[in-house]
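The structure under discussion appears below in the form of structure tokens.
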Amino acid sequence: MLALDYQAVTVDLKERSYDIVIGSRVLWKLGIRLKEFRPSRVAIISNKTVFPLYKDLVMKSLNDYGISPEVILIPDGEEYKDFTWTYHIHGELLKARFDRNALLVAFGGGVIGDITGFVASTYMRGIRYVQVPTTLLAQVDSSVGGKTGVNHSLGKNMIGTFYQPSLVLIDVNTLRTLPKKEFFAGIAEVIKYGVIADKELFNYLESSREDILSIGDSIIHIIKRSCEIKADVVSKDEREAGLRAILNFGHTVGHAIETVTEYKRFLHGEAVAIGMCAAAELAVMTGMFGRDEAQRIRNLISLYMLPDSIPDELSTEKIISAMEIDKKASSGKLRFILPVSIGAVRIEENADRNLIQEALQGLK
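For our numbering, count along the sequence shown from 1 and bump the result up by 8.
Right under this line is the structure:
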């Protein structure tokens, strides 16, 4: 791959370190990158929406290097990230006699990445996998860091593992076929990185909307910067013992909203956008964050066509109840990541329930 074709970020985990490769023609080199792992077999896990768009390109790239992959397709949607479909994928691998030297390729958005990572971590007690995220949200967040998971009716990602990929390949051209609604949902996670760690990234998002939407150098810049921030956090706290929790900014309320609406009303990034507004409101109420800065967050969320309020018909009590069974809750305490300025946050281990209720009501 020519140096001009891509940029790379390394997730430093000593002997388990891996690269995140970002560029505009990365898929053309998929075959040669997989060949480097010398796998006994390769399986592509994808869905019936995205894989047909890139099937010819992907298969040619692999076939050119002597790789004839199994292709396992599942339905498209968060509701299919469950044990029914992990069992199905495990079964397909067993029937095809995949061994421990096999390699899985997650080709799709966050659902595909999460479920493939989970299957890789559990099949024969662990085989290698490569992430090829095709949505902006997956490119900047879920494909990096090794969190895998499936959903339960009582909560999102309640069953899962920490299991790092061997490589992440990001081709920004896949964003050209992404529906605008999903593109904006991915921007929510980029906004998150700006709030928690990088004021300049936040400012860039405010001033560069049209350049970002053109999917040129600007999109590569914000994806790379997001991956750099996440890689730095993960390298310091892989298993979320402390620092990594800041990556959950907006997710305490966001996951609860997804659970209450049964994953059918909001995309993940949309729910996180509402969650960020709620966290900013709570931070204002506790006196650690300025009202003007909270308004900047809401304005930026609105600039990218994301929701910044809770629908009137959603019960705040149900949202709080869903938060209480989320894996981020501990011993009945609700953990929130709260901004103290644009570019810095603090971890609040035991947020006041009355203030949470008031903050949620304030978003209606």
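Just so it is clear, CB atoms sit at the ideal spot from N, CA and C, and this is done for glycine as well.
_List, from N- to C-terminal side, the beta strand (DSSP E) runs of 3 residues or more that fit wholly inside the region 86 to 136._
111 to 116
*D27 - containing beta strand (DSSP E), residue span*: 26 to 31
*Note the first and the last residue of the continuous beta strand (DSSP E) segment covering Y14.*
14 to 19
*asked:* Could you compute how far the alpha carbon of S32 sits from the alpha carbon of L101?
replied: 31 Å
*Is F170 closer than 8 Å to T260 when the C-beta atoms are compared?*
no
*Between which two residues does the beta strand (DSSP E) harbouring V268 extend?*
Per DSSP, V268 belongs to no beta strand (DSSP E); it is in the alpha helix (DSSP H), 259 to 268.
*Who are the Cβ neighbours of V148 in its own chain at under 6 Å, not counting the five residues just before and after it?*
E197, V198, I231, S234
*Using the C-alpha atoms, what's the distance from G116 back to I167?*
20 Å
*Please specify which runs of the alpha helix (DSSP H), each continuous and at least 4 residues long, are wholly inside the region 141 to 218, giving them in chain order.*
188 to 205, 207 to 215
*Which residue comes first and which comes last in the alpha helix (DSSP H) that contains A359?*
Neither: A359 is in no alpha helix (DSSP H) and is coded neither H nor E.
*Within the same chain, show all residues whose beta-carbon is closer than 8 Å to that of S310, passing over the 5 residues directly before and after it, in chain order.*
D316
_Can you look up E366 in the DSSP assignment and give me helix, strand or coil?_
helix
_Start-to-end residues for the alpha helix (DSSP H) that takes in S69_ = 59 to 71
*Would you mind working out which of T92, M132, I120, D90 sits nearest D107, comparing C-alpha positions?*
M132
*Following the continuous beta strand (DSSP E) through V348, name the residue where it begins and the one where it ends.*
344 to 349
_Per DSSP, cross-strand counterpart(s) of K43_ = Looking at the DSSP assignment, K43 forms no beta bridge with any residue, so it has no partner.
_Using 8 Å for Cβ pairs, my map puts L251 next to I318. What's the rounded Cβ distance?_
Not really, about 29 Å apart at Cβ, beyond 8 Å.
*Tell me, to the nearest whole angstrom, how far the beta carbon of S161 is from that of Y137; I am working on the premise that it is less than 8 Å.*
Not really, about 26 Å apart at Cβ, beyond 8 Å.
_Quick check on G277: buried or exposed, where buried means 16 or more other Cβ atoms within 10 Å of its Cβ?_
buried
*Please list, in chain order, all residues of the same chain as E356 whose beta carbon is under 6 Å from its beta carbon, the five residues on each side excluded.*
F344, L346
*Pair every Cβ in the region 200 to 211 with every Cβ in the region 176 to 186, then say whether three or more of these pairs are closer than 8 Å.*
no
*Can you tell me where the alpha helix (DSSP H) with N307 in it begins and where it stops?*
299 to 311
*Is the region 79 to 89 in contact with the region 55 to 66, if contact means three or more CB pairs nearer than 8 Å?*
yes
*If you draw a straight line from the alpha carbon of L70 to that of P60, how long is it in whole angstroms?*
15 Å
*Taking the continuous alpha helix (DSSP H) assigned at S234, which residues delimit it?*
225 to 244
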